[in-house]
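Residue numbering for the sequence shown follows our numbering, beginning at 5 and increasing consecutively. Virtual Cβ for every residue (Gly too), placed ideally from N, Cα, C. To keep things clear, I will list the structure first and then write my remarks on it.
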Amino acid sequence: MEKKYRAVIFDLDGTLLDTLEDLTDSCNEALTRLGYPTHSLDEVRQFVGNGLGVMMERALPGGKSSPDYDKALDSLREIYSGNYQNKTKAYPGVLDLIERLKERGIKMAIVSNKPDAQVKELAAIYFKSIPEEAAIGENEAAGVRRKPFPDSVYTALKLLGEDKESAVYVGDSDVDMATAKNSGLPCISVSWGFRSREFLLGKGAGTIVDKPEEILRLPGF
Numbered sequence: 005m006e007k008k009y010r011a012v013i014f015d016l017d018g019t020l021l022d023t024l025e026d027l028t029d030s031c032n033e034a035l036t037r038l039g040y041p042t043h044s045l046d047e048v049r050q051f052v053g054n055g056l057g058v059m060m061e062r063a064l065p066g067g068k069s070s071p072d073y074d075k076a077l078d079s080l081r082e083i084y085s086g087n088y089q090n091k092t093k094a095y096p097g098v099l100d101l102i103e104r105l106k107e108r109g110i111k112m113a114i115v116s117n118k119p120d121a122q123v124k125e126l127a128a129i130y131f132k133s134i135p136e137e138a139a140i141g142e143n144e145a146a147g148v149r150r151k152p153f154p155d156s157v158y159t160a161l162k163l164l165g166e167d168k169e170s171a172v173y174v175g176d177s178d179v180d181m182a183t184a185k186n187s188g189l190p191c192i193s194v195s196w197g198f199r200s201r202e203f204l205l206g207k208g209a210g211t212i213v214d215k216p217e218e219i220l221r222l223p224g225f
């Protein structure tokens with residue numbers, strides 16, 4: 005009998021929402037304030053995926069060893085908290101995918117390494133079919149470790165009333181592939197986000213889709 009998924013756990017940045025321009029603008033403003041050179045969109049694309057701390061570590065010359073690291077990170081957090089809805093938008097086809105999954109009775113959640121309050125607000129704006137409490141962001145202060153640890157996925161599954169046997173993970177990066185593996189979930193990788201198809205294949209991706217609607221035709225849906 006063919007396995008049927010009852011839940012889909014989505015990554016946010018690079019999977020559901022194109023947040024790259026807001027992240028790049030915020031990163032560059034933080035660097036400029038401290039007199040450091042800025043980065044292009046394609047450069048910042050390679051910095052994202054592990055939260056703002058790692059993003060600034062990769063963007064700042066000297067990384068965490070720089071005497072300005074803490075100041076730069078604080079600045080990035082402050083700037084991005086006001087910038088995260090400026091240019092951010094859903095990827096083409098994503099909103100339709102969400103609605104069609106809802107029509108099929110499939111539960112959905114979001115797990116992200118961006119701040120929890122921002123994840124919940126963005127989910128409330130763009131994805132009203134996903135319960136706000138099932139939009140889970142960075143919350144290590146509450147003991148939920150950031151991805152690729154499985155904590156946020158397990159929290160999401162508990163909220164949805166499902167287990168890992170009934171769920172699949174969808175993301176755009178190697179961090180997402182590792183998160184799915186650590187959570188015991190199969191992974192669907194998307195090529196429209198922050199990492200290319202070639203990169204994903206090089207990291208061992210099994211299932212890759214190029215458009216959101218392709219997910220609906222995969223086994224289990």
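Asked	Found
Proximity winner among G147, A128, L105 and L163, relative to G224 (alpha-carbon distances)	L105
Residue nearest to E218 in terms of C-alpha spacing, selected from L205, S195 and N117	S195
C-alpha distance - L99 paired with V148, whole-angstrom precision	28 Å
Closest by C-alpha distance to V58, when choosing among R150, P154, E166 and I13	R150
Contacts around P228, its chain only, beta-carbon distance under 6 Å, and the 5 residues preceding and following it disregarded	Residue 228 falls outside the range modelled here, since the chain spans only 5 to 225, and no answer is possible.
Backbone CA spacing between Q89 and R201 [nearest angstrom]	27 Å
Three-state secondary structure assigned by DSSP to D22	strand
For A128, the three-state DSSP class (helix, strand or coil)	helix
Whether Y130 touches L21 by CB criterion (8 Å)	yes
Proximity below 8 Å, CB of V174 to CB of F14	yes
Residue span of the beta strand (DSSP E) that contains I114, given as start and end	K111 to P119
4-residue-minimum alpha helix (DSSP H) runs that sit fully inside the region 156-216, ordered along the chain	178-187 and 201-206
Nearest-angstrom Cβ-Cβ length linking G67 and S177, presumed shorter than 8 Å	No, G67 and S177 are not in contact; Cβ-Cβ is about 20 Å, not under 8 Å.
8 Å CB neighbourhood of R266 in its chain, flanking five on each side removed	There is no way to answer for residue 266, as the model of the chain reaches only from 5 to 225.
Residue interval of the beta strand (DSSP E) (run including V48)	Element bounds for V48: not the beta strand (DSSP E) but the alpha helix (DSSP H), L45 to R49.
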